[in-house]
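> Under my numbering, think of the first position of the sequence shown as 11, with each following residue one higher.
We put the beta carbon where it would ideally sit given N, CA and C, even for glycine.
From a predicted model like this one, the values you see are computed outputs, not experimental measurements.
Sending over a structure as structure tokens; questions will come in a sec.
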Amino acid sequence: MVFAVSDEGHVSNSTLKSKIKEFGSKYIDEVGFRYSWAMIGKKGLAAGEAVEQYSPASSGSVTIDTTFISPYSSGSFITNTIGESLSFDSLIIDYLAGVNNSIQIIPIINKRDTLDNIFVPGVQTYSLNSFNNGKPNSMKFIVQLNRGAGTSNVFINKFGTEYKNLPELTSSGRLTYISKNKIIQGDSITLNYGFINAGESIADSVELNVYINYPDNSKKLLDSQMLINVGKDSSYKNNVTFLDNYTNGFGDFAFEVKLDETNKVPELFEDNNIFIIPFEIQKDTVTNLEAANVDVLFNGQAIFDNETVNNHPTIKIVLSYQPLFDYSDTTQYSIYLDGRKKYFSSFDSLEYDTINREIKYTFKPLLSSGEHSITITGRNIFGNIKGESGYQLSFKVTEGLEIVDLYNYPNPMKEDTYFIFGLPELPDNLILKVFTIAGREIYSKELDSSELNFNLNKIYWDGRDNDGDTIANGVYFYKFIIRKDGKSKSTIGKLAVLR
11 MVFAVSDEGH
21 VSNSTLKSKI
31 KEFGSKYIDE
41 VGFRYSWAMI
51 GKKGLAAGEA
61 VEQYSPASSG
71 SVTIDTTFIS
81 PYSSGSFITN
91 TIGESLSFDS
101 LIIDYLAGVN
111 NSIQIIPIIN
121 KRDTLDNIFV
131 PGVQTYSLNS
141 FNNGKPNSMK
151 FIVQLNRGAG
161 TSNVFINKFG
171 TEYKNLPELT
181 SSGRLTYISK
191 NKIIQGDSIT
201 LNYGFINAGE
211 SIADSVELNV
221 YINYPDNSKK
231 LLDSQMLINV
241 GKDSSYKNNV
251 TFLDNYTNGF
261 GDFAFEVKLD
271 ETNKVPELFE
281 DNNIFIIPFE
291 IQKDTVTNLE
301 AANVDVLFNG
311 QAIFDNETVN
321 NHPTIKIVLS
331 YQPLFDYSDT
341 TQYSIYLDGR
351 KKYFSSFDSL
361 EYDTINREIK
371 YTFKPLLSSG
381 EHSITITGRN
391 IFGNIKGESG
401 YQLSFKVTEG
411 LEIVDLYNYP
421 NPMKEDTYFI
431 FGLPELPDNL
441 ILKVFTIAGR
451 EIYSKELDSS
461 ELNFNLNKIY
471 WDGRDNDGDT
481 IANGVYFYKF
491 IIRKDGKSKS
501 TIGKLAVLR
């Protein structure tokens, strides 16, 4: 009950004072003429147990601010949906129920078509194996907390499930790639393809089909595999060669790799089961520049389209010409950097090897950051310009120290892994460090410039720490540090260990 006075609240009635004291008042006898006084009390409280304030006349008003706690007798919550999974193992709960309190758990099992509510008494660990039926299920829990007589509460310290994720079949450019981007009619091209099961369950009866897609949108099956029991973290690799003939025509073609085309394998995601790699079949002509073998080397190494190099590379163009090609006539072919013709007098060196039928052009341009291209066009032996069938390479430039396209494979790793990255500019040294998620360093390795390559590099790690011990399952961070001429650059990545 709340008591308060407004304006004159002097109490002279002794009976009224006694009644107020029954609600826990201590100061009612002190309240005088024009005093401020307020109280929150309850019948049966002893003197002084009520919340009470007063102040003499002209001393201002009084304020009471307090909180009353009325505990609930019951409550409940519902978990997020867990799964889907083919194998739920157990429910783990760590709780304190207290005297006369209880906890009840109601699993809700979604079996695609039906919804079953099963009552399970409160336990520390409960097997969920009975809910597995060989089909992908999802699960969530309703947890009911009941508070009996007394003052103790129900505390849940831990609530979780152990289960295995569905299989996850996926391919990528690291596993699926082609031997070249362009071929002449009648030539061959090889597709290296593969996939990895990145999930936690075995994928049974995986259908793997490889098609060739034609410019008219028709397709032809090149290869088909049925793979039994593809384990978690395991991968599959294969290759197939497409030998073109003139009846296929020319234009834009593509390889199409399809995993589980009929969707018989339950997976976490289905939208990453198709991988398409385009390539071009060029119309055959009398010996032209495209029919010759053109190699473009950056700092002594060949690169793929759209790879990254430094801003001051040594570029060497090697043209292996046919016997009837007039290499001495510089009007037979042209070289362009970013669409601008390079005159032969602008090259740093020009070498003719008539025994091996090679022409080598070397230059060292200073390039800005961004995208660049090299284009080579030529004439056939009859003097007809064949610019449309020339050679073209696109590449990217970055200035200064840089680590590009850093990743580790496989990831998640089981026993060992490779760190794969590009170095547009060669550093003086490189340091690799691996840390736990808490920040403790467990592994380090240092390489000097003699152990590194321009562009593509691979570093093997056996999954052991600096003491030679195998690291545990979990998530780890790795850090790459490169240094040159007093400057440094670092890049951080994340890997997982699953056995």
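Out of Gly349, Thr171, Ile194, Leu403, which one is the CA nearest neighbour of Gly259?
Nearest of Gly349, Thr171, Ile194, Leu403 to Gly259, Cα basis: Ile194.
> So Tyr246 and Leu237 are supposed to be a Cβ contact under 8 Å. How far apart are they, rounded?
Tyr246 to Leu237, Cβ: 6 Å. Contact.
> Quick one: Cα of Leu505 to Cα of Thr427, how far?
Cα to Cα, the separation comes out at about 10 Å.
> Give a yes or no on contact between the region 69-80 and the region 147-154, applying the rule of three or more CB pairs nearer than 8 Å.
Contact fails: fewer than three Cβ-Cβ distances are below 8 Å.
> Measure the C-alpha to C-alpha separation of Tyr105 and Ser137 and round it to an integer number of angstroms.
Their Cα atoms are separated by approximately 17 Å.
> Comparing C-alpha positions only, which one of Phe78, Gly349, Ile50, Phe151 sits nearest to Thr91?
Nearest option by C-alpha distance: Phe151.
> Counting only C-beta atoms, is Ile286 closer than 7 Å to chain E at any point?
The structure shown contains no chain E; it holds only a single protein chain.
> Our contact map puts Val304 next to Tyr401 with C-beta atoms below 8 Å; I'd like the distance itself, whole angstroms only.
That belief holds up - the Cβ atoms of Val304 and Tyr401 are roughly 4 Å apart, short of 8 Å.
> Among residues of its own chain, excluding the 5 on either side of Ser189, which ones have a beta-carbon nearer than 7 Å to its beta-carbon?
Answer for Ser189: Ile199, Thr200, listed in chain order.
> Within the region 429-460, note down every full beta strand (DSSP E) run reaching 3 residues or more, in order along the chain.
Segments of the beta strand (DSSP E) lying fully in the region 429-460: 439-446, 451-458.
> Can you tell me which residues form a DSSP beta bridge with Glu539?
Nothing about residue 539 can be reported from this structure: the residues present for the chain run from 11 to 509 only.
> Taking the alpha-carbon of Thr180 as reference, which of Phe252, Val267, Asn156, Ile345 has the nearest alpha-carbon?
Thr180 has its Cα closest to that of Val267, out of Phe252, Val267, Asn156, Ile345.
> Give the secondary structure of Ile212 by DSSP, where H, G and I count as helix, E and B as strand, and everything else as coil.
Looking at Ile212 - three-state DSSP - the assignment turns out to be coil, as it is neither helix nor strand.
> Looking at Phe141: is its Cβ nearer than 7 Å to the Cβ of Ile119?
It is a contact, given that the beta carbons lie within the stated cut-off.
> So what does DSSP say about Thr186, is it helix, strand or coil?
Note: Thr186 maps to coil in three-state DSSP.
> What residue from Leu101, Pro81, Val61, Ser162 has the CA that sits closest to Asn111's CA?
For the residues Leu101, Pro81, Val61, Ser162, the minimum Cα distance to Asn111 belongs to Ser162.
> Is the region 342-349 close to the region 376-390, with three or more CB pairs under 8 Å?
Short answer: they touch.
> Near Gly204, which residues of its chain fall below 7 Å by C-beta distance, leaving aside the five closest residues on each side in sequence?
Excluding residues within five positions, the ones whose Cβ falls inside 7 Å are Ser181, Leu185, Thr186, Ser245, Tyr246, Lys247, Asn248.
> As a quick exercise: from Ala56, Tyr37, Ile79, Ser84, pick the residue whose alpha carbon is nearest that of Val65.
For the record, residue 65 in the displayed sequence is Ser; it is not Val. With distances taken between Cα atoms, Ser65 lies closest to Tyr37.
> Suppose you measure from the CA of Asn127 to the CA of Asn139; what does that come to, to the nearest Å?
Because Asn127 carries a pLDDT of 45, less than 50, the predicted location of this residue cannot be relied on, and the following value inherits that uncertainty. Each residue's alpha carbon lies about 16 Å from the other.
> Residue ranges of each beta strand (DSSP E) run of no fewer than 3 residues wholly in the region 201-266, ordered along the chain?
Runs found: 216-223, 229-237, 245-253.
> Given this structure, state the Cα-to-Cα distance separating Ser378 from Gly261, to the nearest angstrom.
Rounded to the nearest angstrom, the two C-alpha atoms are 33 Å apart.
> Near Asp17, which residues of its chain fall below 8 Å by C-beta distance, leaving aside the five closest residues on each side in sequence?
Correct list, in chain order: Arg44.
> In whole angstroms, what is the alpha-carbon distance linking Phe87 and Tyr419?
Rounded to whole angstroms, Phe87 to Tyr419 spans 41 Å at the Cα level.
> Helix, strand or coil, according to DSSP, for Lys31 in the structure here?
Three-state result, Lys31: helix.
> Just the C-alpha distance for Gly473 and Gly449, rounded to the nearest angstrom, thanks.
Approximately 17 Å, taken between the alpha carbons.
> The beta strand (DSSP E) spanning Arg493 covers which residue range?
Looking at the DSSP string, the run of the beta strand (DSSP E) that includes Arg493 is 484-494.
> Quick check: the Cα distance between Ala57 and Ile103, rounded to an integer number of angstroms?
Cα to Cα, Ala57 sits roughly 46 Å from Ile103.
> Are Ala60 and Gly85 touching if we call contact CB-CB under 7 Å?
It is not a contact, given that the beta carbons lie outside the stated cut-off.
> Smallest Cα separation from Leu232: which of Leu253, Ala208, Ser215, Val216?
Ranking Leu253, Ala208, Ser215, Val216 by Cα distance to Leu232 puts Leu253 first.
> Would you kindly work out how many angstroms separate the C-alpha atoms of Leu411 and Lys352, rounded to a whole number?
If you take the alpha carbons of Leu411 and Lys352, they lie about 28 Å apart.
> Does the ligand NAP have a heavy atom nearer than 6 Å to the CB of Arg450?
Absent from the structure shown: the ligand NAP. Ligands present: none.
> Rounding to the nearest angstrom, what Cα-Cα distance links Glu317 and Lys374 in this structure?
So the two alpha carbons sit approximately 18 Å from each other.
> Roughly how many angstroms separate the alpha carbons of Gln292 and Lys192, rounded to a whole number?
Each residue's alpha carbon lies about 7 Å from the other.
> Measuring only the C-alpha atoms, how far is Asp363 from Lys326?
Going by the C-alpha atoms only, they are around 14 Å apart.
> Mind checking Glu178: buried by the 16 CB within 10 Å criterion, or exposed?
Classification of Glu178: buried, given that the 10 Å Cβ count is 16 or more.
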